[in-house]
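Numbering (our numbering), first residue to last: 22 to 246.
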């Protein structure tokens with residue numbers, strides 16, 4: 022290879038590496054996040070955002086789900102998340118920005134703001150109660166149904182707010198659940214397995230939800246069955 026060819030080759034190599042470096046370090050536009058909105062990593066980031074917001078604002082938001090997730094390259098990754106959370110029994114949408122530098126084990130909430138109310142809707146458990154052809158009344162529903170899980174989380178959070186215990190109540194499992202839909206509201210009768218410190222307990226709870234998406238804990242008591 023003569024001197025001129027070598028010079029051209031080196032110039033091409035330098036330009037190529039500069040381009041690659043630019044692509045990795047220059048802040049870019051938003052693009053869909055890797056993985057779906059329900060991936061464990063994105064849910065972890067969304068929960069982190071809610072927890073940090075609660076700490077800073079002394080709030081009591083309850084995380085529900087990730088609605089939309091995008092990311093942007095900025096000396097790491099800036100995750101733009103649209104998430105659903107429950108505020109005082111009502112589902113609302115929030116937009117959060119979480120800055121992550123994996124190589125430094127760094128994670129920081131950059132922004133968190135209200136983006137509107139979530140669209141009220143009943144899921145399969147509620148509709149199943151309405152449409153099973155046996156009229157109204159309590160019917161068994163899947164314990165893993167999102168509406169049941171939301172009702173359970175609301176019950177535990179409300180129980181925690183009423184408690185003076187030094188140990189937080191942690192939901193371990195929804196043991197079983199029943200639901201009833203009357204007109205524009207739903208009622209959930211749920212048995213919860215809860216952990217507080219080293220102690221496991223069971224609680225029986227009845228949670229109501231109206232068509233606007235508001236939850237209300239009607240009653241909760243220890244279950245000794």
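Every residue gets a Cβ at the ideal spot worked out from N, C-alpha and C, and that includes glycine.
Exercise. In angstroms, rounded to a whole number, what distance separates the CA positions of residue 198 and residue 210?
Worked result: Roughly 6 angstroms between the two C-alpha positions.
For this session: Have a look at 71, 110, 192 and flag the residue whose alpha-carbon is nearest the alpha-carbon of residue 236.
Result: When only C-alpha atoms are compared, the closest one is 110.
Exercise. Any idea what DSSP makes of residue 169, helix, strand or coil?
Worked result: Residue 169 falls in the helix class under three-state DSSP.
Problem set entry | Sequence ranges, beta strand (DSSP E) only - wholly within the region 46-134, length at least 3 | With a minimum length of 3 residues, the continuous beta strand (DSSP E) runs that stay inside the region 46-134 are 83-94, 98-108, 111-122.
Problem set entry | Residue environment, residue 84, which counts as buried when at least 16 other CB atoms sit within 10 Å | Burial state of residue 84 is buried, judged by a 10 Å Cβ sphere holding 16 or more other Cβ atoms.
Problem set entry | Three CB pairs or more closer than 8 angstroms across the region 84-102 and the region 120-129 | Yes, the region 84-102 is in contact with the region 120-129.
Exercise. When burial is assigned at 16 or more other CB atoms within 10 Å of the CB, is residue 230 buried or exposed?
Worked result: So residue 230 counts as buried.
Exercise. Quick one, are the C-beta atoms of residue 202 and residue 223 less than 9 angstroms apart?
Worked result: Not closer than 9 angstroms, so no.
For this session: Would you tell me roughly how many angstroms separate the C-alpha atoms of residue 329 and residue 217, rounded to the nearest one?
Result: Because the chain here runs from 22 to 246, residue 329 falls outside it and cannot be looked at.
Problem set entry | Own chain, CB closer than 8 angstroms to residue 221, minus 5 neighbours either side, in chain order | Correct list, in chain order: 193, 214, 215.
Exercise. Would residue 107 be called buried (16 or more neighbouring beta carbons within 10 Å of its own) or exposed?
Worked result: That one is buried.
Exercise. Thinking C-alpha only, which one of 160, 167, 243, 130 is nearest residue 105?
Worked result: Comparing Cα-Cα distances from residue 105 to each of 160, 167, 243, 130, the minimum goes to 167.
For this session: Use the C-beta contact count for residue 232: other C-beta atoms within 10 angstroms, 16 or more gives buried, fewer gives exposed.
Result: By the 16-neighbour rule on beta-carbons within 10 angstroms, residue 232 is exposed.
Exercise. For residue 187, which three-state DSSP category applies?
Worked result: Correct three-state label for residue 187: coil.
Exercise. On the three-state DSSP scale, how would you describe residue 235?
Worked result: Three-state DSSP puts residue 235 in coil, outside helix and strand.
Exercise. Ends of the beta strand (DSSP E) at residue 207?
Worked result: If you look at residue 207, you'll find it in the beta strand (DSSP E) that goes 206-217.
Problem set entry | Buried or exposed by the 16-neighbour rule on C-beta atoms within 10 Å, applied to residue 261 | A question about residue 261 goes unanswered here, because the residues of the chain that appear run from 22 up to 246.
For this session: Look at the Cβ atom of residue 101, then the Cβ atom of residue 63, and state whether they are nearer than 9 angstroms.
Result: For the 9 angstroms CB-CB criterion, residue 101 and residue 63 do not form a contact.
Problem set entry | Buried versus exposed, by CB contacts within 10 Å (16 or more), residue 45 | Any reading at residue 45 is ruled out, since the residue's pLDDT is 42, under 50, leaving its predicted position unreliable.
Problem set entry | Test item: CB-CB of residue 116 and residue 128 under 9 angstroms | No; because the gap between Cβ atoms is not below 9 angstroms, this pair is not in contact.
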